[in-house]
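Under my numbering, read the sequence shown as residues 44 to 736, first letter to last. Down below is the structure, laid out as structure tokens.
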Amino acid sequence: MTDQAVDTGGSKLPGNEQRPAAAPAPTVSQFLGRTRELKELRADIERTGLDTLSGRKAPRARVLLIAGRPGSGRTALAEELVRQVADRYRDGVLRARLTEPDGTPVPTERTARELLTALEVATPPGAAEDDLTEALREALADRRMLLLLDDAAAAEQVDALLPGTPECLVVAVSEGPLTGIADVRPCTLGGLDTKSALELLGRLTGAVRITVDPRAAEGLVEECAGQPLALVLAGSWLAARPQAAVADLAKQLRTEGDEGPPSARLFRLSYAGLPATAQRILRLLSLAPAGLVDPHTASALAGCSVSAAHTTLDDFAALGLVRLLESPLPQYEVPGSLLPLLRALAESRERPAELQLARARMLERTVRLLQSCRAITETDSTEAREKLLGMPRTLRFPNPRAAADWLRVRQPALLAAARSAVADGELDTLARRLMSQLVRAMVAHFGTQASAPELYGIHRLVLDVAERRNLPREQAAALLNLADLDTRTGRTAEALARYRAALDAGREANDPYATGRAMESVGGAHQELGDYDRAADWYGRALAQRLARDERVDAARLYGRIATAHTYAGRYGEALRNWRSAVAGHRKNGDVAAQARALSELARVQEYAGRPEESLRTCQEAVEWARRADDVRLQAALQLRLADTLEHLGDPAAAKLHRGAAERMLGEELLESDSGAEQGPNACEIRSASSKD
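The following block contains the structure:
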């Protein structure tokens, strides 16, 4: 329920962004009034706290509270205060909104993660709330920063995010007092003073219309109770009607009576003046995820063209019904205080089936945009290019960078759409497609590692719904995805528990893919934990299933995984047998590159087992297959291994020839970097294997 400030041109300035971000204070302020409140707030920064009076050092950051109802200009006041004092905080400003536009409190875990991201502090996906808030306090411990926490619903939200240093300052915005946070005095807002309110009206309507009838203007301010949102709606209404007198608007408001706050009465007046088509579009904006709308969203909701939706949104922005956000792409926000009014209109004027259809159109459009967003990255895929060309021009992106920009700008709304798509406990076809395409688009543009926190949240959403509705197949898929993310961030024990749960769910769903994947992943987790016996056992179970289903490619790969586990355990005989089976499997499958790699590993284990002559012959065979596979890097690595083996056998001249061949393949500089990479994991393998001898 963020409020707004108004600049001299009448355009709306965003109260804050969906994501927190360190940002410099604006150099020019167009803020009006609130002189007394600003003076009190600035004085409160320097006020001696209760801890200081008792002789103790303040344990954490001071909190300034700005309290007021939606539409009172509370966010605008907070932003102006931040602008005035930001230069005192050398490390910058962080902003976060603690309540969704629909009034739902934002989970503290999500807010803490976003603040850490703004600070460029890496956070593992799936980390607990306590771990994230502790990491946030540690990150702020040696910084002097200002935090603006907008739209706090409860004291607990603010308390969990408070920096543990008095060097930082927190400005919190809330509707009421934050009971439970010590030493906080709220600055409670009423209406603007008459002079500032008149100036605000004049900026929107033109000064002449205010000065020509000052009594009527003062009467309009009184009808608006000095509330900034009401004044913006009133000024925008007058600006759209140059022939209307200020007195006419004041009279209409008095005729409306006292039903609801002034902003609600002015909203109804603006709504009534819209054409029927625009009224319907405005009503349907209540369905926009997170209250964020772009032309595509409005177009899909209303079933109109994108250009018509864009024009209508601009008209709404001119009337103060939405605000245009500062963004590289056209994006608008529905003021949180207007959302309940829009919802009430939608529920009273639209049949439930029509609302459901509008939501389905919006989700379908989102899915198609995500498909296009991902397809533009698959330049080597003929199928992807054909699919892209088959889409309407309005859904296509000109290049991958434009698609990535759209995905980045729309990400808060896309994640909100994913949350709302499963909020009712359903996982219908459209919701599943949305989840799938969102994950694939984010991975395509940002990579799995960078997208991991958001992906973790999406998979956890699916898991919650799958568990509630007893959908074992979806449950298995979500558990596997979550466990994979746990594995990548080093939480192997947690990953193992999830892989086992995925195995149970896969068996319940009679899903052979999920079952086999889970068994193999359980083996991988045991291997990572150093339990090589169990790793080999679970790989063997997965292999048995693959062989029973005649899945030869996966079977050949699993022979290699079993061999690796035996190698770590020092059981070189078992490792050699399984690597030979892997080589035979890849040969039957016609996978030359995989055969070359398997021969390379076989040669390595033969060397560990003290069979240098066999290792030399196998390595020479591997070089030939690597040449056929056109794998220059593997050829060079094998040439180096041949050189090491020949030196071990007492033939330095031949060893020198092989080293020279490797240098010619990759070049001196590349050879150094590749040999470093080669030594990394391989050296670990050698040490692990040797320690078992």
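For glycine and all other residues, C-beta sits at the position ideal for the given N, C-alpha and C. Quick caveat: nothing in here was measured; it's all calculated off a predicted structure.
A Cβ-Cβ contact shorter than 8 angstroms links A672 with A636. Taking all protein chains in view, the Cβ of E426 is surrounded by fewer than 16 other Cβ atoms within 10 Å, so the residue is classified as exposed. Under the three-state reduction of DSSP output, S463 falls in the helix class. Shown here, I88 sits in a helix according to DSSP, grouped into three states. In the three-state scheme derived from DSSP, where H, G and I count as helix and E and B as strand, T231 is classed as strand. Judged by DSSP in its simplified three-state form, V216 adopts strand. Straight-line measurement puts the Cα of V648 at about 19 angstroms from the Cα of A679. When DSSP reads this structure, Y651 sits in no beta bridge, so it has no partner.
With respect to the 8 angstroms criterion, L292 and A273 are not classified as neighbours on the basis of their beta carbons.
The alpha carbon of E172 has as its nearest neighbour, out of D193, R186, D185 and D202, the alpha carbon of D202. For R138, the uninterrupted beta strand (DSSP E) run begins and ends at V136 to R140, by DSSP. Measuring C-alpha to C-alpha distances from A360 to each of A418, N553 and L247 identifies L247 as the nearest. About 3 angstroms separates the CB atoms of G76 and S239; that is less than 8 angstroms, so the two are in contact.
Rounded to the nearest whole angstrom, the C-alpha separation of A509 and Q588 is 26 angstroms. When rounded, the separation of the alpha-carbon atoms in R140 and V214 is 12 angstroms. Beta-carbon to beta-carbon, L364 and L381 are separated by about 7 angstroms, close enough to satisfy the 8 angstroms threshold.
In the DSSP annotation of this structure, A612 is not part of any alpha helix (DSSP H), being labelled neither H nor E. Contact annotation: A104 and C230 have beta-carbon atoms that are not nearer than 8 angstroms. Assignment of V508 by DSSP, reduced to helix, strand and coil, places it in the helix class. Per DSSP, reduced to three states, the secondary structure at Y375 is strand.
Residue state for D597 is assigned as helix, using DSSP reduced to three classes. Contact annotation, L450 with M405: C-beta distance approximately 17 angstroms; criterion of less than 8 angstroms not satisfied. DSSP places R105 inside the beta strand (DSSP E), whose first and last residues are R105 to A110. Rounded to the nearest whole angstrom, the CA to CA distance from G583 to A561 is 13 angstroms.
Secondary structure note for L191: its beta strand (DSSP E) is the uninterrupted segment L189 to A195. Bounds of any alpha helix (DSSP H) do not take in T166, whose DSSP letter is neither H nor E.
Sequence-distant Cβ neighbours of A321 in its own chain, meaning closer than 6 angstroms and more than five residues away, are T355. Secondary structure within the region 627-687: the alpha helix (DSSP H) runs of 4 or more consecutive residues, fully enclosed, are 635-651 and 655-671 (chain order). Burial is judged here by how many other beta carbons sit within 10 angstroms of a residue's own beta carbon; R707 has fewer than 16 and is exposed.
An exposed status is given to A493, since fewer than 16 other beta-carbon atoms sit within 10 Å of its beta-carbon. As a beta-bridge residue in DSSP terms, R366 pairs with E376. For E261, the uninterrupted alpha helix (DSSP H) segment begins and ends at P257 to E266.
The criterion of a C-beta distance shorter than 8 angstroms is not satisfied by E218 and T237. Under the DSSP assignment, G566 falls in the alpha helix (DSSP H) whose first and last residues are P555 to E571. The three-state reading of DSSP puts V149 in coil, since its state is none of H, G, I, E or B. Pairing A557 with L590 gives a Cβ-Cβ distance that is not under 8 angstroms.
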